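A short worksheet on the structure shown next.
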Amino acid sequence: NTKKTLEGKTILITAGPTYEAIDPVRFIGNHSSGKMGFSLAEEASKRGAKVILISGPSSEKPIGKNIELHKVTSAKEMLAKVFEFYDTVDIGIASAAVADYAPKEVAKEKIKKSDDSLTIELVKNPDILKTMGEKKTRQFLVGFALETQNEEENAKAKFEKKNLDMIVLNSLRDEGAGFKNDTNKIKIFTSTEKKEFDLKSKEDVAKDILDCIEAQILK
Ligand code: PMT
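All residue numbers for the sequence shown refer to full-length UniProt numbering, where the first residue is 182 and numbers rise by one.
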């Protein structure tokens with residue numbers, strides 16, 4: 182029986198990938214399954230929090246009390262949904278793998294095969310977490326960094342740039358970490374601390390992340 186350490190707290194979690202439409206049948210997406218975000222939602226729910234889970238396309242189903250699931254498709258939809266709730270939130274965790282770019286125009290009809298090459302112009306998507314950081318009042322804000330090189334340096338830069346209280350680094354160079362796997366291997370940074378964890382199930386990684394958040398907000 183889990184202690185209700187987050188009773189009375191509202192946590193907003195973004196999860197999964199975003200899909201950016203190219204035409205009615207195609208999209209730009211990524212390999213996020215949603216598992217990391219859904220594990221966080223389930224563990225927060227066990228600890229008594231009210232959870233607002235905003236997820237891109239994922240086949241995961243949240244299990245637990247007081248988890249409100251909002252499904253979205255694109256980054257723009259995710260941003261709009263986050264800001265329907267942001268004012269009511271005590272803790273925000275951004276575990277979604279949001280597409281940084283989206284097609285400038287969505288073709289109305291299926292694009293026909295014709296020439297040997299096809300160019301799709303992409304434009305920058307909103308940075309959801311950065312916007313959350315800019316509009317932060319009392320929220321404790323946690324971001325993720327998914328890196329393939331210069332991992333710690335890049336994670337620390339994201340921590341600063343997005344005005345975060347904590348960042349969770351996972352690297353695709355670690356076997357069993359990141360996308361799809363049922364496991365992950367993380368490092369957690371705050372402005373003063375660095376913690377390194379072993380490869381674990383995403384359920385256990387979620388526990389470590391929430392333990393660290395609690396240690397910060399309850400101190
Ligand atoms: O879903 P799983 O298969 O379980 O995989 C989990 C995961 C690998 C997706 C997860 O652990 C993870 O690392 N999520 C963040 C992925 C990511 O896009 O990282 P990033 O370094 O590109 O982004 C940095 C942070 O900004 C992230 O918190 C991201 O949610 C946020 N972001 C990024 C771009 C954008 N336009 N809006 C954002 O909010």
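We treat Cβ as the ideally placed atom computed from N, Cα and C, and that holds for glycine. Fair warning: this is a prediction, and the values are worked out from it, not measured in the lab.
For THR329, the shortest C-beta to heavy atom distance toward the ligand PMT is 7 Å or greater.
By alpha-carbon distance to THR191, the top candidate from ASN247, GLY197 and GLY215 is ASN247. Within the region 315 to 345, the runs of beta strand (DSSP E) at least 3 residues long that lie entirely inside it are, in chain order, 321 to 328. Taking 8 Å as the cut-off, the Cβ atoms of GLY359 and LYS339 do not count as close. Using a cutoff of 7 Å, the CB of LYS361 counts as near the ligand PMT, since one of the ligand's heavy atoms is closer than that. Shown here, ASP389 sits in a helix according to DSSP, grouped into three states. Looking only at GLU188, GLU333, ASP385 and LYS361, the smallest Cα-Cα distance to ILE369 is reached by GLU333.
For VAL232, the enclosing beta strand (DSSP E) covers residues 231 to 236. The shortest CA-to-CA distance from ASN344 to any of MET217, ILE274, GLY237 and LEU391 is the one to ILE274. Boundaries of the beta strand (DSSP E) harbouring GLU201: 201 to 204, taken from the DSSP string. Going by C-alpha positions, ASN365 is about 40 Å away from GLU290.
In this structure, the C-beta of LYS216 approaches the ligand PMT to less than 7 Å from one of its heavy atoms. CA-CA distance, ILE292 to SER352, rounds to 36 Å. 8 Å or more divides the Cβ of GLU249 from the Cβ of LEU260. Cβ contact annotation for ASP363 (same chain, cutoff 8 Å, sequence separation greater than five): LYS216, SER382 and LYS383, in chain order.
PRO205 and ALA288 have their C-alpha atoms spaced approximately 7 Å apart.
VAL263 and ASN211 have their C-alpha atoms spaced approximately 20 Å apart. For the ligand PMT, no non-hydrogen atom lies closer than 7 Å to the CB of PRO238.
Relative to the ligand PMT, GLY210 has its C-beta separated by 7 Å or more from all heavy atoms.
Checking the 7 Å criterion, the Cβ of ILE235 is out of range of every heavy atom belonging to the ligand PMT.
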